[in-house]
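Numbering (the numbering used here), first residue to last: 281 to 721. Glycine included, C-beta positions come from ideal geometry on N, C-alpha and C. Values in this document were obtained by computation on a predicted structure and should not be read as measured data.
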(Lines of atoms letter the chains of each structure in order from A and count residues from 1; the text may use other names and numbers.)
(Lines give C-alpha, C1' and ligand atoms only; values in the text may rest on other atoms or scores of the structure.)
Protein backbone atom coordinates (compact mmCIF):
# COMPACT_ATOMS: atom_id res chain seq x y z
CA UNK A 1 0.00 0.00 0.00
CA UNK A 2 2.81 2.40 0.91
CA UNK A 3 4.56 1.62 -2.38
CA UNK A 4 1.37 2.32 -4.32
CA UNK A 5 0.87 5.65 -2.53
CA UNK A 6 4.48 6.63 -3.21
CA UNK A 7 4.07 5.74 -6.90
CA UNK A 8 0.89 7.81 -7.13
CA UNK A 9 2.57 10.76 -5.40
CA UNK A 10 5.50 10.70 -7.83
CA UNK A 11 3.24 10.55 -10.94
CA UNK A 12 2.64 13.67 -13.02
CA UNK A 13 -0.54 15.37 -11.64
CA UNK A 14 -1.25 17.05 -15.03
CA UNK A 15 -2.28 15.19 -18.14
CA UNK A 16 -0.42 16.16 -21.29
CA UNK A 17 -3.64 17.22 -23.02
CA UNK A 18 -4.59 19.55 -20.16
CA UNK A 19 -1.15 21.16 -20.16
CA UNK A 20 -1.25 21.63 -23.95
CA UNK A 21 -4.71 23.21 -23.69
CA UNK A 22 -3.55 25.64 -20.98
CA UNK A 23 -0.48 26.49 -23.01
CA UNK A 24 -2.55 27.11 -26.17
CA UNK A 25 -5.01 29.36 -24.32
CA UNK A 26 -2.21 31.32 -22.68
CA UNK A 27 -0.32 31.69 -25.95
CA UNK A 28 -3.45 32.87 -27.77
CA UNK A 29 -4.15 35.41 -25.03
CA UNK A 30 -0.55 36.64 -25.21
CA UNK A 31 -0.73 37.05 -28.99
CA UNK A 32 -4.03 38.91 -28.64
CA UNK A 33 -2.44 41.22 -26.07
CA UNK A 34 0.51 41.92 -28.37
CA UNK A 35 -1.87 42.66 -31.24
CA UNK A 36 -3.93 45.03 -29.09
CA UNK A 37 -0.80 46.85 -27.93
CA UNK A 38 0.59 47.03 -31.46
CA UNK A 39 -2.67 48.02 -33.16
CA UNK A 40 -3.43 50.79 -30.67
CA UNK A 41 -5.83 53.25 -32.27
CA UNK A 42 -6.43 50.92 -35.22
CA UNK A 43 -8.92 49.04 -33.06
CA UNK A 44 -11.11 52.10 -32.66
CA UNK A 45 -14.19 52.16 -34.87
CA UNK A 46 -14.04 54.83 -37.56
CA UNK A 47 -17.79 54.92 -38.06
CA UNK A 48 -18.37 57.87 -35.72
CA UNK A 49 -20.55 60.04 -37.95
CA UNK A 50 -17.78 62.47 -38.90
CA UNK A 51 -16.52 63.41 -42.35
CA UNK A 52 -13.70 60.95 -43.17
CA UNK A 53 -13.08 57.86 -45.25
CA UNK A 54 -14.09 55.30 -42.61
CA UNK A 55 -17.45 56.95 -41.86
CA UNK A 56 -20.71 55.69 -43.34
CA UNK A 57 -22.73 58.74 -42.29
CA UNK A 58 -24.17 61.23 -44.78
CA UNK A 59 -21.02 63.35 -44.56
CA UNK A 60 -18.56 60.42 -44.61
CA UNK A 61 -16.64 59.03 -47.58
CA UNK A 62 -17.05 55.27 -47.20
CA UNK A 63 -19.13 55.21 -50.41
CA UNK A 64 -16.22 56.73 -52.31
CA UNK A 65 -13.88 54.11 -50.86
CA UNK A 66 -16.29 51.33 -51.82
CA UNK A 67 -16.77 52.75 -55.32
CA UNK A 68 -13.02 52.95 -55.92
CA UNK A 69 -12.55 49.45 -54.56
CA UNK A 70 -15.14 48.08 -57.00
CA UNK A 71 -13.13 49.58 -59.86
CA UNK A 72 -10.14 47.47 -58.78
CA UNK A 73 -8.35 50.20 -56.83
CA UNK A 74 -6.51 49.21 -53.67
CA UNK A 75 -7.92 51.13 -50.70
CA UNK A 76 -6.15 51.70 -47.39
CA UNK A 77 -6.90 53.80 -44.31
CA UNK A 78 -3.89 55.56 -42.76
CA UNK A 79 -3.80 55.96 -38.98
CA UNK A 80 -0.14 56.91 -38.52
CA UNK A 81 2.17 59.39 -40.28
CA UNK A 82 4.37 56.64 -41.77
CA UNK A 83 1.43 55.30 -43.81
CA UNK A 84 0.95 58.73 -45.41
CA UNK A 85 4.34 58.69 -47.12
CA UNK A 86 3.28 56.39 -49.95
CA UNK A 87 3.22 57.12 -53.66
CA UNK A 88 -0.51 56.32 -53.77
CA UNK A 89 -3.11 59.07 -54.02
CA UNK A 90 -3.81 60.50 -50.56
CA UNK A 91 -7.27 61.87 -49.70
CA UNK A 92 -7.18 64.18 -46.68
CA UNK A 93 -10.42 65.24 -44.97
CA UNK A 94 -9.43 67.85 -42.36
CA UNK A 95 -11.86 69.04 -39.71
CA UNK A 96 -12.62 72.66 -39.02
CA UNK A 97 -10.33 72.52 -35.99
CA UNK A 98 -7.39 70.83 -37.74
CA UNK A 99 -3.98 72.44 -37.37
CA UNK A 100 -3.00 74.36 -40.56
CA UNK A 101 0.69 73.81 -39.82
CA UNK A 102 0.24 70.03 -39.69
CA UNK A 103 -1.61 70.09 -42.99
CA UNK A 104 1.12 72.25 -44.54
CA UNK A 105 3.84 69.87 -43.31
CA UNK A 106 1.94 66.89 -44.72
CA UNK A 107 1.51 68.53 -48.15
CA UNK A 108 5.15 69.62 -48.33
CA UNK A 109 6.41 66.14 -47.38
CA UNK A 110 4.35 64.61 -50.18
CA UNK A 111 5.30 67.18 -52.84
CA UNK A 112 7.59 64.67 -54.60
CA UNK A 113 6.03 61.50 -53.15
CA UNK A 114 2.49 61.33 -54.50
CA UNK A 115 -0.68 63.31 -55.34
CA UNK A 116 -2.96 64.70 -52.62
CA UNK A 117 -6.66 65.61 -52.54
CA UNK A 118 -7.90 67.85 -49.73
CA UNK A 119 -11.67 67.77 -49.18
CA UNK A 120 -12.82 70.76 -47.13
CA UNK A 121 -15.52 70.32 -44.47
CA UNK A 122 -19.01 71.51 -45.35
CA UNK A 123 -21.68 70.19 -43.03
CA UNK A 124 -22.40 70.70 -39.38
CA UNK A 125 -24.15 67.57 -38.10
CA UNK A 126 -25.81 66.28 -34.94
CA UNK A 127 -25.47 62.60 -33.92
CA UNK A 128 -28.75 60.69 -33.73
CA UNK A 129 -28.80 58.86 -30.42
CA UNK A 130 -30.48 55.48 -30.11
CA UNK A 131 -30.24 54.64 -33.80
CA UNK A 132 -27.58 52.95 -35.89
CA UNK A 133 -23.97 53.76 -35.10
CA UNK A 134 -22.71 56.71 -37.14
CA UNK A 135 -26.10 58.09 -38.09
CA UNK A 136 -26.29 61.90 -38.05
CA UNK A 137 -28.72 64.69 -38.83
CA UNK A 138 -27.72 67.52 -41.17
CA UNK A 139 -27.86 70.95 -39.55
CA UNK A 140 -26.23 73.55 -41.77
CA UNK A 141 -23.46 73.99 -44.36
CA UNK A 142 -22.29 77.26 -42.85
CA UNK A 143 -18.92 75.79 -41.73
CA UNK A 144 -17.99 75.70 -45.43
CA UNK A 145 -17.41 79.46 -45.14
CA UNK A 146 -14.88 78.85 -42.34
CA UNK A 147 -13.20 75.89 -44.03
CA UNK A 148 -10.43 77.93 -45.76
CA UNK A 149 -8.82 78.51 -42.38
CA UNK A 150 -7.32 75.00 -42.51
CA UNK A 151 -5.54 76.08 -45.75
CA UNK A 152 -4.09 79.22 -44.17
CA UNK A 153 -0.47 77.98 -44.42
CA UNK A 154 -0.90 76.72 -47.99
CA UNK A 155 -2.91 79.35 -49.89
CA UNK A 156 -5.02 82.41 -49.25
CA UNK A 157 -8.51 81.33 -50.22
CA UNK A 158 -12.15 82.22 -49.73
CA UNK A 159 -15.25 80.06 -50.09
CA UNK A 160 -18.77 81.00 -51.07
CA UNK A 161 -22.10 79.17 -50.78
CA UNK A 162 -23.95 79.18 -54.10
CA UNK A 163 -27.48 78.18 -55.05
CA UNK A 164 -29.18 79.46 -51.90
CA UNK A 165 -32.26 81.71 -52.00
CA UNK A 166 -31.23 85.15 -50.77
CA UNK A 167 -34.34 85.38 -48.62
CA UNK A 168 -33.40 82.19 -46.73
CA UNK A 169 -29.62 82.50 -46.90
CA UNK A 170 -29.46 84.16 -43.49
CA UNK A 171 -31.29 81.20 -41.96
CA UNK A 172 -28.22 79.03 -42.59
CA UNK A 173 -26.43 80.89 -39.82
CA UNK A 174 -29.29 80.85 -37.28
CA UNK A 175 -30.99 78.22 -35.19
CA UNK A 176 -34.52 77.66 -36.57
CA UNK A 177 -37.36 78.44 -34.19
CA UNK A 178 -39.94 76.14 -35.74
CA UNK A 179 -40.04 72.86 -37.59
CA UNK A 180 -41.18 74.69 -40.71
CA UNK A 181 -38.14 76.96 -40.60
CA UNK A 182 -35.90 73.94 -40.12
CA UNK A 183 -37.42 72.14 -43.11
CA UNK A 184 -37.08 75.24 -45.29
CA UNK A 185 -33.47 75.74 -44.23
CA UNK A 186 -32.60 72.09 -44.90
CA UNK A 187 -34.14 72.25 -48.38
CA UNK A 188 -32.00 75.30 -49.15
CA UNK A 189 -28.92 73.63 -47.66
CA UNK A 190 -29.32 70.53 -49.83
CA UNK A 191 -29.33 72.76 -52.92
CA UNK A 192 -26.20 74.62 -51.84
CA UNK A 193 -22.92 74.41 -53.72
CA UNK A 194 -19.57 75.59 -52.37
CA UNK A 195 -17.03 77.39 -54.54
CA UNK A 196 -13.52 78.56 -53.76
CA UNK A 197 -11.27 81.33 -55.05
CA UNK A 198 -7.70 82.38 -54.33
CA UNK A 199 -4.58 83.89 -55.82
CA UNK A 200 -2.77 80.54 -56.27
CA UNK A 201 -5.72 78.40 -57.29
CA UNK A 202 -6.56 77.07 -60.75
CA UNK A 203 -10.03 75.80 -61.59
CA UNK A 204 -10.38 72.06 -62.13
CA UNK A 205 -14.18 71.79 -61.94
CA UNK A 206 -16.27 74.93 -62.33
CA UNK A 207 -19.75 75.63 -61.04
CA UNK A 208 -22.10 75.66 -64.02
CA UNK A 209 -24.10 78.66 -62.78
CA UNK A 210 -21.32 80.99 -61.63
CA UNK A 211 -18.16 79.65 -63.28
CA UNK A 212 -16.35 79.66 -59.91
CA UNK A 213 -14.23 76.68 -58.92
CA UNK A 214 -15.80 73.84 -56.93
CA UNK A 215 -12.57 71.89 -57.33
CA UNK A 216 -9.26 73.75 -57.59
CA UNK A 217 -5.57 73.01 -58.07
CA UNK A 218 -2.82 74.73 -56.09
CA UNK A 219 -0.46 76.45 -58.51
CA UNK A 220 2.85 75.36 -56.99
CA UNK A 221 5.01 75.38 -60.12
CA UNK A 222 4.37 71.79 -61.16
CA UNK A 223 3.23 70.42 -64.51
CA UNK A 224 -0.21 68.80 -64.29
CA UNK A 225 -1.76 68.40 -67.76
CA UNK A 226 -4.56 66.11 -66.48
CA UNK A 227 -5.82 68.85 -64.14
CA UNK A 228 -4.81 72.12 -65.79
CA UNK A 229 -6.30 72.67 -69.27
CA UNK A 230 -3.78 75.46 -69.90
CA UNK A 231 -0.78 73.19 -69.29
CA UNK A 232 1.26 72.18 -72.39
CA UNK A 233 1.02 68.62 -73.66
CA UNK A 234 4.72 68.02 -73.08
CA UNK A 235 6.68 68.85 -69.97
CA UNK A 236 8.24 72.30 -70.44
CA UNK A 237 11.90 72.83 -69.71
CA UNK A 238 11.44 76.30 -68.24
CA UNK A 239 13.41 77.01 -65.02
CA UNK A 240 10.22 77.75 -63.06
CA UNK A 241 8.65 74.34 -63.75
CA UNK A 242 9.42 71.69 -61.10
CA UNK A 243 9.63 68.28 -62.75
CA UNK A 244 8.44 65.31 -60.68
CA UNK A 245 6.21 67.34 -58.42
CA UNK A 246 2.76 65.93 -57.61
CA UNK A 247 -0.45 67.97 -57.53
CA UNK A 248 -2.49 69.15 -54.55
CA UNK A 249 -6.20 69.27 -55.40
CA UNK A 250 -8.72 71.08 -53.19
CA UNK A 251 -12.35 69.95 -53.25
CA UNK A 252 -14.29 72.91 -51.88
CA UNK A 253 -17.71 71.23 -52.08
CA UNK A 254 -17.65 68.01 -50.06
CA UNK A 255 -20.95 66.92 -51.62
CA UNK A 256 -18.98 66.06 -54.75
CA UNK A 257 -17.43 63.09 -52.93
CA UNK A 258 -19.29 62.33 -49.70
CA UNK A 259 -21.95 59.68 -49.15
CA UNK A 260 -24.74 62.23 -49.55
CA UNK A 261 -23.51 63.33 -52.95
CA UNK A 262 -22.57 59.91 -54.29
CA UNK A 263 -26.19 58.80 -53.98
CA UNK A 264 -26.49 60.54 -57.36
CA UNK A 265 -25.05 58.53 -60.26
CA UNK A 266 -23.76 61.59 -62.13
CA UNK A 267 -22.00 62.87 -59.02
CA UNK A 268 -20.39 59.44 -58.50
CA UNK A 269 -19.05 59.44 -62.07
CA UNK A 270 -17.76 62.98 -61.55
CA UNK A 271 -15.97 61.91 -58.36
CA UNK A 272 -14.21 59.10 -60.22
CA UNK A 273 -13.10 61.55 -62.91
CA UNK A 274 -11.63 63.89 -60.29
CA UNK A 275 -9.71 61.01 -58.69
CA UNK A 276 -8.43 59.79 -62.08
CA UNK A 277 -7.27 63.28 -63.01
CA UNK A 278 -5.56 63.82 -59.66
CA UNK A 279 -3.59 60.59 -59.90
CA UNK A 280 -1.17 62.23 -62.31
CA UNK A 281 1.30 59.37 -62.47
CA UNK A 282 1.04 58.44 -58.80
CA UNK A 283 0.72 54.96 -57.36
CA UNK A 284 -2.07 52.50 -58.09
CA UNK A 285 -3.92 52.76 -54.76
CA UNK A 286 -5.81 55.34 -52.72
CA UNK A 287 -5.10 56.13 -49.07
CA UNK A 288 -7.69 57.82 -46.87
CA UNK A 289 -6.06 59.83 -44.09
CA UNK A 290 -7.62 59.42 -40.64
CA UNK A 291 -4.97 61.27 -38.63
CA UNK A 292 -6.67 64.62 -39.24
CA UNK A 293 -9.90 63.24 -37.78
CA UNK A 294 -8.72 62.08 -34.36
CA UNK A 295 -8.33 58.44 -35.37
CA UNK A 296 -4.54 58.36 -35.67
CA UNK A 297 -2.25 55.92 -33.89
CA UNK A 298 1.43 56.49 -33.20
CA UNK A 299 4.12 54.09 -34.36
CA UNK A 300 5.20 51.56 -31.72
CA UNK A 301 7.95 48.97 -31.29
CA UNK A 302 5.58 46.02 -31.61
CA UNK A 303 4.49 46.99 -35.10
CA UNK A 304 8.08 47.81 -36.09
CA UNK A 305 9.22 44.36 -34.90
CA UNK A 306 7.14 42.65 -37.59
CA UNK A 307 8.61 44.66 -40.46
CA UNK A 308 12.05 44.38 -42.08
CA UNK A 309 14.79 44.34 -40.96
CA UNK A 310 13.62 43.16 -37.52
CA UNK A 311 11.17 40.52 -38.72
CA UNK A 312 14.02 38.02 -39.20
CA UNK A 313 15.09 38.27 -35.56
CA UNK A 314 11.48 37.95 -34.40
CA UNK A 315 11.01 34.84 -36.55
CA UNK A 316 14.20 33.30 -35.10
CA UNK A 317 12.98 33.93 -31.56
CA UNK A 318 9.62 32.39 -32.38
CA UNK A 319 11.28 29.25 -33.80
CA UNK A 320 13.50 29.00 -30.71
CA UNK A 321 10.44 29.26 -28.46
CA UNK A 322 8.71 26.49 -30.43
CA UNK A 323 11.82 24.31 -30.08
CA UNK A 324 11.95 24.85 -26.31
CA UNK A 325 8.23 24.04 -26.04
CA UNK A 326 8.77 20.85 -28.05
CA UNK A 327 11.59 19.78 -25.72
CA UNK A 328 9.45 20.53 -22.67
CA UNK A 329 6.42 18.51 -23.83
CA UNK A 330 8.15 15.65 -25.64
CA UNK A 331 11.26 14.84 -23.58
CA UNK A 332 12.69 11.29 -23.48
CA UNK A 333 10.48 9.51 -20.97
CA UNK A 334 8.77 10.75 -17.83
CA UNK A 335 10.71 12.77 -15.24
CA UNK A 336 12.51 10.57 -12.70
CA UNK A 337 12.46 11.45 -9.02
CA UNK A 338 15.44 10.58 -6.83
CA UNK A 339 14.99 7.57 -4.58
CA UNK A 340 15.12 8.12 -0.83
CA UNK A 341 18.28 6.73 0.79
CA UNK A 342 16.10 5.38 3.60
CA UNK A 343 12.46 4.41 3.63
CA UNK A 344 9.85 6.40 5.48
CA UNK A 345 10.34 5.89 9.26
CA UNK A 346 13.58 3.88 9.03
CA UNK A 347 15.79 6.74 10.17
CA UNK A 348 13.66 7.30 13.27
CA UNK A 349 13.62 3.51 13.93
CA UNK A 350 17.43 3.28 13.76
CA UNK A 351 17.88 6.28 16.04
CA UNK A 352 15.37 4.90 18.53
CA UNK A 353 17.04 1.49 18.58
CA UNK A 354 20.48 3.05 19.03
CA UNK A 355 19.21 5.16 21.92
CA UNK A 356 17.66 2.10 23.58
CA UNK A 357 20.90 0.09 23.28
CA UNK A 358 22.86 3.00 24.70
CA UNK A 359 20.53 3.43 27.69
CA UNK A 360 20.64 -0.31 28.46
CA UNK A 361 24.45 -0.36 28.35
CA UNK A 362 24.59 -3.08 25.70
CA UNK A 363 26.88 -1.30 23.24
CA UNK A 364 29.56 -3.98 23.60
CA UNK A 365 27.17 -6.50 22.02
CA UNK A 366 26.98 -4.53 18.77
CA UNK A 367 30.51 -5.37 17.61
CA UNK A 368 30.11 -9.15 17.07
CA UNK A 369 26.62 -8.69 15.57
CA UNK A 370 27.86 -6.10 13.08
CA UNK A 371 30.83 -8.36 12.18
CA UNK A 372 28.44 -11.22 11.37
CA UNK A 373 26.23 -8.85 9.32
CA UNK A 374 29.16 -7.58 7.22
CA UNK A 375 30.40 -11.18 6.69
CA UNK A 376 26.99 -12.21 5.31
CA UNK A 377 26.82 -9.17 3.00
CA UNK A 378 30.37 -9.78 1.73
CA UNK A 379 29.53 -13.44 1.06
CA UNK A 380 26.46 -12.47 -0.96
CA UNK A 381 28.55 -9.93 -2.88
CA UNK A 382 31.01 -12.72 -3.84
CA UNK A 383 28.17 -15.06 -4.79
CA UNK A 384 28.95 -17.64 -2.08
CA UNK A 385 26.29 -20.18 -1.24
CA UNK A 386 24.30 -19.40 1.93
CA UNK A 387 24.72 -23.05 3.00
CA UNK A 388 28.51 -22.79 3.37
CA UNK A 389 29.83 -23.16 6.91
CA UNK A 390 31.01 -20.00 8.67
CA UNK A 391 34.64 -21.19 8.79
CA UNK A 392 34.73 -21.80 5.05
CA UNK A 393 33.15 -18.39 4.37
CA UNK A 394 35.81 -16.71 6.54
CA UNK A 395 38.53 -18.65 4.72
CA UNK A 396 37.34 -17.48 1.32
CA UNK A 397 36.91 -13.87 2.47
CA UNK A 398 40.46 -13.98 3.83
CA UNK A 399 41.64 -14.39 0.24
CA UNK A 400 40.29 -10.92 -0.62
CA UNK A 401 43.14 -8.32 -0.72
CA UNK A 402 43.63 -6.03 2.27
CA UNK A 403 42.41 -2.42 2.31
CA UNK A 404 44.51 0.67 1.54
CA UNK A 405 45.93 0.65 5.08
CA UNK A 406 47.13 -2.95 4.70
CA UNK A 407 44.53 -4.43 7.05
CA UNK A 408 43.19 -7.79 5.95
CA UNK A 409 39.72 -9.19 6.45
CA UNK A 410 40.82 -11.26 9.43
CA UNK A 411 42.36 -8.23 11.15
CA UNK A 412 39.32 -6.04 10.57
CA UNK A 413 36.96 -8.81 11.74
CA UNK A 414 38.93 -9.37 14.96
CA UNK A 415 39.04 -5.61 15.65
CA UNK A 416 35.26 -5.45 15.22
CA UNK A 417 34.62 -8.39 17.59
CA UNK A 418 37.03 -7.14 20.26
CA UNK A 419 35.77 -3.52 20.35
CA UNK A 420 33.92 -2.66 23.58
CA UNK A 421 33.42 1.12 23.90
CA UNK A 422 31.57 3.41 21.52
CA UNK A 423 34.63 5.07 19.82
CA UNK A 424 36.33 1.72 19.19
CA UNK A 425 33.14 0.16 17.85
CA UNK A 426 32.54 3.11 15.50
CA UNK A 427 36.15 3.05 14.21
CA UNK A 428 36.15 -0.71 13.65
CA UNK A 429 32.75 -0.63 11.93
CA UNK A 430 33.86 2.21 9.68
CA UNK A 431 37.02 0.33 8.68
CA UNK A 432 35.22 -2.97 8.02
CA UNK A 433 32.50 -1.25 5.98
CA UNK A 434 35.15 0.63 4.01
CA UNK A 435 36.97 -2.61 3.18
CA UNK A 436 33.76 -4.23 1.96
CA UNK A 437 32.75 -1.22 -0.15
CA UNK A 438 36.26 -0.81 -1.58
CA UNK A 439 36.70 -4.45 -2.59
CA UNK A 440 33.17 -5.55 -3.41
CA UNK A 441 31.11 -2.44 -3.92
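- If you check the CB distance, residue 428 and residue 478 come in under 9 Å.
- Listed in chain order, the non-local C-beta contacts of residue 387 below 7 Å within the same chain comprise 396, 434, 528, local neighbours out to five positions each way being set aside.
- Per DSSP, residue 380 is not a residue of any beta strand (DSSP E); the alpha helix (DSSP H) it occupies stretches across 380 to 389.
- Taking C-beta atoms as the reference points, residue 535 and residue 587 fail to come closer than 9 Å.
- Only residues of its own chain outside the window of five on either side were considered, and among them 338, 340, 343 have a CB closer than 6 Å to the CB of residue 539, listed in chain order.
- Around the beta carbon of residue 329, 16 or more other beta carbons lie within 10 angstroms, which makes this residue buried.
- Assigned with DSSP and collapsed to three states, residue 407 falls in strand.
- Between residue 496 and the set 678, 438, 657, the nearest pair of CA atoms involves 438.
- According to DSSP, residue pairing for residue 473 in a beta bridge involves 442.
- Per DSSP, the beta-bridge partners of residue 418 are 405.
- A direct Cα-Cα distance of roughly 15 Å separates residue 296 from residue 306.
- Of all alpha-carbon atoms in 597, 651, 481, the one lying nearest the alpha-carbon of residue 711 is that of 651.
- Residue 336 and residue 543 have their C-alpha atoms spaced approximately 12 Å apart.
- The C-beta distance from residue 476 to residue 532 rounds to 4 Å, short enough to meet the 8 Å contact threshold.
- Counting only the Cα atoms, residue 345 lies some 21 Å from residue 526.
- C-alpha of residue 606 to C-alpha of residue 595: approximately 17 Å in a straight line.
- Under DSSP, residue 497 shares a beta bridge with 482, 529.
- Linking residue 376 to residue 362 through their CA atoms gives a straight-line distance of about 24 Å.
- Its chain contains 419, 420, 423 as the residues whose beta carbon lies nearer than 6 Å to that of residue 404, once the 5 sequence neighbours on both sides are disregarded; these appear in chain order.
- In the DSSP annotation of this structure, the continuous segment of the alpha helix (DSSP H) that includes residue 707 starts and ends at 702 to 720.
- DSSP places residue 565 in no alpha helix (DSSP H) but in the uninterrupted beta strand (DSSP E) bounded by 565 to 569.
- Beyond the five residues adjoining it in sequence on each side, residue 356 comes within less than 6 Å, by CB distance, of 567 in the same chain, given in chain order.
- The shortest CA-to-CA distance from residue 502 to any of 558, 462, 549 is the one to 558.
- For residue 307, no pairing in a beta bridge is given by DSSP.
- Beta-bridge annotation (DSSP): residue 372 is paired with 398.
- The C-alpha of residue 311 lies about 27 Å from the C-alpha of residue 364.
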